[in-house]
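Q: Below is one structure. I have some questions about it.
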Amino acid sequence: MAALYGFPILGAVLILVFQLAGGIERFAASLLDPTVALTLVVLVILLGIWRLLAMGDAMAAGRSARPIRRSLVLPAYILLTAIVIAAHAWVGAVTWAFYDAGSHIFVGQVGPDVTPPPLNGETPDPSDNSVDFQATPFPTPSTTSNRITVLITGIDSGRGREHALTDTIMLVSVDPDDGRVVMLSFPRDISNFPLYGGGTYKGKINSLMTHARLNPDEFPDGGLPTLAQQVGFLAGIPVQYFASINLDGFERMINIVGGVDVDNPKPINDPAYLWRDGTAQGFQLAAGPVHLNGRIGLAYVRSRQGAGDNDFTRAARQQQVLSALRKKLITPAVIARLPDLISAVGSSVKTNYPVDKVADLLTIAGRVSDDTTTRKVLGPPYAIHPPSNTTGGTYTLKMDMDRMARLSIELFGDDSRYNDAATGTRSSASPTVP
């Protein structure tokens, strides 16, 4: 009978060994699949019940023992029962955390009917009324390589905001063959740019997602898919996936991994900075190597009004912190904090990246380094501020599409839509590249 009760435990051990053979990171990634995680939760519960039954059977057998031994059976049974219940409850809770996070993070393919809803209080930007065309979306051509390109949007809806906008618009493109990464940030003030479906959008790029969601007749792809295709169109590289990050969760993630280390290129003195917790205004940080906790790290990526600072310097710092966070996420020390980290990610990140490919992405991330990462911000000379008398006094940026085309070919080679070798024919919306 004891051997019979031992079979499920032996089977569970064999399954665990098989999963861990691929590495602890791949095993953890597999738990983000809600189906896998929920299956394991059920197995943990059933295995716990099985063990309790086995212990009960052993206790019944112990009643026939000598009186002295019988007196020890009940206390031992109670102690072991408490241990088994506590152990299975802990494992079940951790596994459930993965299930819950995976269910919230991986939202599947986003289309016109399933675009993520607006954040609390989000309203359209006034510049949304400046669209003067009817969009006819078409798919961006695929690349000739295995390149993975993700649109990362940072949503800031904290204190001092009347509505939420996409304050961070960043492309992260990874070449799995050599582990090279391109990080390309689009300043939020870029406006008056060509659209992938034809026509020109005269508003700012950070209002496009909201406008597209509120105007499905013009943008049948929906809010986030429209922004993803548009950013990919301008950059000249197809965007397969998106990841949306709420900055509240970003702060929490930095704290959970123990902070991040960056080299601040210049002193920051932003007297107008408004802390999200409502404390006194002002943010200062000396130049040089610095360790950032979540609160300071969030200020580091949000501040833009200090002397000599702007959206370009802020975008560069955002790229810096994301790179530093990646380094922390692939360290063994994070394993002990996985439940808390998974909870933070689940409450602040949404993506349509396939959950069954997360393990492969972690493997690629382990090969990435600062030496294999190229970081660019589309400020001058790729986007410049037009004369104020042509913008009605509003601060905007106008992209130089010829420079953008040359940069795209430099960064993405044959994968760039601006390169004849990549598409076979040049798009009518593409500038002439000398």
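FYI, the numbering for the sequence shown is 48 to 481, going by the working numbering.
Quick reminder that beta carbons are idealized off the backbone N, C-alpha and C, glycines included.
(1) Based on Cα-Cα distance, which residue from Q367, K375, Q366 and N311 lies nearest to M300?
(2) Count the other CB atoms, across all protein chains shown, that sit within 10 Å of the CB of Q365; report buried if there are 16 or more and exposed otherwise.
(3) For G264, does the three-state DSSP call read helix, strand or coil?
(4) What is the DSSP secondary structure of P122, counted as helix, strand or coil?
(5) With DSSP as the reference, identify every bridge partner of R422, one or two as the case may be.
(6) On the DSSP bridge assignment, give the partners of F240 in chain order.
(7) Please classify A148 as buried or exposed, where buried requires at least 16 other C-beta atoms within 10 Å of its C-beta.
(8) Give the straight-line distance between the Cα atoms of L454 and L372, rounded to the nearest whole angstrom.
(9) Would you kindly work out how many angstroms separate the C-alpha atoms of T196 and A383, rounded to a whole number?
(10) Taking 8 angstroms as the cut-off, decide whether the C-beta atoms of G226 and I411 are in contact.
(11) I315 and Q331 - do their beta-carbons sit closer together than 8 angstroms?
(12) Output the distance between the C-alpha atoms of D403 and G353, rounded to the nearest integer angstrom.
(13) What does DSSP give as the partner residue(s) for A430 in the beta ladder?
(14) With burial defined as no fewer than 16 other Cβ atoms inside 10 Å of the residue's Cβ, what is the status of T200: buried or exposed?
(15) When you compare each of L231, Y146 and Y124 to A75 by their alpha carbons, which one comes out closest?
(16) Using CA atoms only, rank isn't needed, just tell me which of W322, Y248 and A107 is closest to V348.
(17) I need the straight-line Cα distance from T82 to T437, nearest angstrom please.
(18) Output needed for A362: all residues of its chain with C-beta closer than 7 angstroms, excluding positions within five of it in sequence on either side, in chain order.
(19) DSSP has Q331 in a bridge; who is on the other side?
(20) Compute the Euclidean distance between the alpha carbons of I125 and A140, then round it to the nearest angstrom.
(21) Can T421 be considered in contact with the ligand NAP, in the sense that its beta carbon sits closer than 7 angstroms to one or more heavy atoms?
(22) May I ask which residues mark the beginning and end of the beta strand (DSSP E) holding V154?
(23) So what does DSSP say about T200, is it helix, strand or coil?
(24) So which of P386, K313, L242 and L94 has the shortest CA-CA distance to G355?
(25) Taking just the CA atoms, how far does A346 sit from D317?
(26) For the beta strand (DSSP E) containing N396, list its first residue and its last residue.
(27) From what residue to what residue does the alpha helix (DSSP H) around N311 run?
A: Checking against the coordinates, here is how it stands:
(1) K375
(2) buried
(3) Per the sequence presented here, residue 264 reads as Asp, with Gly not at that position. Here D264 sits in coil by DSSP.
(4) helix
(5) M230
(6) Y248
(7) buried
(8) 26 angstroms
(9) 30 angstroms
(10) yes
(11) yes
(12) 43 angstroms
(13) M446
(14) buried
(15) Y146
(16) W322
(17) 55 angstroms
(18) S232, P234 and V424
(19) N316
(20) 22 angstroms
(21) Ligands are entirely absent from the displayed structure, and the ligand NAP is therefore not among its contents.
(22) Here V154 belongs to no beta strand (DSSP E), and DSSP marks it neither H nor E.
(23) strand
(24) K313
(25) 10 angstroms
(26) Here residue 396 turns out to be Val, not Asn, going by the sequence shown. Here the beta strand (DSSP E) through V396 covers V396 to T398.
(27) N311 -> not in any alpha helix (DSSP H); beta strand (DSSP E) instead, spanning V307 to N311.
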